[in-house]
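In this note's numbering, the protein residues as written are 196 to 278. All C-beta atoms in this analysis are idealised placements derived from N, C-alpha and C, irrespective of residue type, glycine included. Take a look at the structure set out below.
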């Protein structure tokens, strides 16, 4: 788990503290991350449901890539010939 200061440090020189806070608040509101505590004592962690959803997406992408690679290999071999 990390706090807002940790997020700000990750984007130092790229985003202002306010920009980081706004993005963190959006992640909390869309339930990508969970907020525990209030104000300066808040800590954040990735929502378990979000992790499960990303695992499903990763599996689907992996299967699609595999299917495309297999299709590409078959296309390289040319049409199958009847004997």
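Check	Outcome
May I have the straight-line CA-CA distance separating residue 222 from residue 247, to the nearest angstrom?	16 Å
Mind checking who residue 240 pairs with in its DSSP beta bridge?	229
Can you tell me whether residue 256 is buried or exposed, with buried defined as 16 or more other CB within 10 angstroms of its CB?	exposed
From what residue to what residue does the alpha helix (DSSP H) around residue 206 run?	First-last for residue 206: undefined, no H or E at that position.
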